[in-house]
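Some notes on the structure that comes next.
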Amino acid sequence: MSFSAAKIPATVITGFLGAGKTTLVHHLLRNANGRRLAVVVNEFGSEGVDGDTLKSCGIEDCPEGNIVELANGCLCCTVADDFVPTMEALIDRDEPPDHIVIETSGLALPKPLIKAFEWPEIRSRMTVDGVIAVIDGPAVADGRFADDLDAVNAMREEDPSIDHESPLRELYEDQLMAADLIVLNKTDLLETGALDDLGREIAASAGRSLKMIPTRDGIVDPAIVLGLEAAAEDDLDARPSHHDGEDEHEHDDFESFNVATGEIASPNDFARRLARVVGDHDILRIKGFAAVAGKPMRLAVQGVGTRINHHFDRLWSDMETRETRLVVIGETGMDRRAIAEAIGS
């Protein structure tokens with residue numbers, strides 16, 4: 558699969574709590590060499606430590622606005638609610654990032670996140686440049702996989718969105734099986750001769766040959782980590798998971814279509830109508846804009862499930878047709894005519 562220069566590349570960084578993901582991301586930001594990086598941090602709980610750490614790093618080429626913190630739960634379990642709208646917002650900026658780095662939580666399954674790049678609103682504009690698994694060398698050598706098991710378990714208990722109860726070994730293997738590159742961190746803490754044994758164990762758990770970079774303090778040349786051009790969203794069959802087939806939909810089973818209608822009378826009434834339509838037809842997402850009678854500004858509309866948000870975003874230009882236009886996303890087989898009629902009624 559050839560890499561499309563028109564698509565914004567995204568790198569997914571996975572690994573357990575304490576493995577060194579944030580340290581690696583911090584290093585990438587400090588060595589971006591003029592490249593506009595945006596970072597999406599899946600930190601959740603009462604304190605967003607990773608997000609705060611990155612936001613306060615003081616890197617001139619990475620303003621605080623380029624650090625996006627998703628604190629509503631495990632990213633693989635909140636794809637539609639959080640991840641997809643965040644990606645759209647980033648690539649719709651006047652100056653979109655050159656590359657997006659996604660730091661998952663230590664409990665996230667990588668594959669559902671990769672599959673999210675098949676959503677219609679994302680697939681044509683972004684690609685998964687590579688999946689990087691950051692491994693805590695000493696913890697894996699000791700059979701613990703994570704340095705602080707109590708902290709990992711506390712994270713699991715604190716996140717009500719998690720819909721998978723995987724043993725740590727399964728999560729560890731899922732991270733390896735999804736990866737394009739292994740960053741084996743904290744190698745300075747390994748006993749002499751342990752590195753070769755650990756390399757063989759990692760290869761066996763991954764089930765395929767992977768390039769492994771031994772490192773300490775998360776220091777890896779960005780040229781090695783960024784620019785892999787893996788297009789992982791097109792290579793899902795080569796990335797098995799212990800959770801394949803568990804209540805998941807292939808994203809090829811989703812479709813989208815446009816609905817255009819005239820001016821609306823009331824934003825709040827329109828939002829209530831959209832919520833009813835979404836509920837009646839099991840629509841996943843709805844987004845677009847509306848023309849409000851008597852108002853000079855355009856109404857931006859964004860809905861995930863039955864939660865419909867709206868705000869006036871800008872003035873209509875003289876060159877534009879004042880109309881209401883929405884994109885509807887749902888499972889294949891939606892009754893497009895009934896939905897369009899209900900929205901325009």
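Numbered according to the numbering used here, the sequence shown spans residues 558 to 902. Built from N, CA and C at the ideal position, the CB exists for glycine as well. Quick caveat: nothing in here was measured; it's all calculated off a predicted structure.
Distance between beta carbons of residue j and residue i, contact taken as under 8 Å
i	j	result
residue 904	residue 675	Only positions 558 to 902 of the chain appear in the structure, and residue 904 is not among them; the question remains open.
residue 762	residue 730	5 Å
residue 738	residue 687	6 Å
residue 884	residue 845	5 Å
residue 831	residue 865	5 Å
residue 799	residue 727	5 Å
residue 821	residue 847	5 Å
Under 8 Å between C-beta atoms of residue i and residue j
i	j	result
residue 759	residue 569	no
residue 643	residue 564	no
residue 814	residue 879	no
residue 695	residue 752	no
residue 900	residue 816	yes
residue 596	residue 697	no
residue 775	residue 581	yes
residue 785	residue 672	no
Straight-line gap, residue i to residue j (C-alpha atoms, nearest Å)
i	j	result
residue 875	residue 854	12 Å
residue 667	residue 725	14 Å
residue 670	residue 777	24 Å
residue 701	residue 692	11 Å
residue 590	residue 772	21 Å
residue 734	residue 797	6 Å
residue 567	residue 584	17 Å
residue 896	residue 838	7 Å
residue 818	residue 640	29 Å
residue 661	residue 890	33 Å
residue 857	residue 577	39 Å
residue 720	residue 791	In this prediction, residue 720 scores a pLDDT of 44, lower than 50, which makes its location untrustworthy; no coordinate-derived value is stated.
residue 572	residue 863	33 Å
residue 779	residue 902	53 Å
residue 812	residue 801	22 Å
residue 663	residue 574	5 Å
residue 756	residue 624	33 Å
Environment of residue i [buried if 16+ CB atoms lie within 10 Å]
i	result
residue 898	exposed
residue 599	buried
residue 649	exposed
residue 872	exposed
residue 888	exposed
residue 881	buried
residue 868	exposed
residue 768	exposed
residue 646	exposed
residue 579	buried
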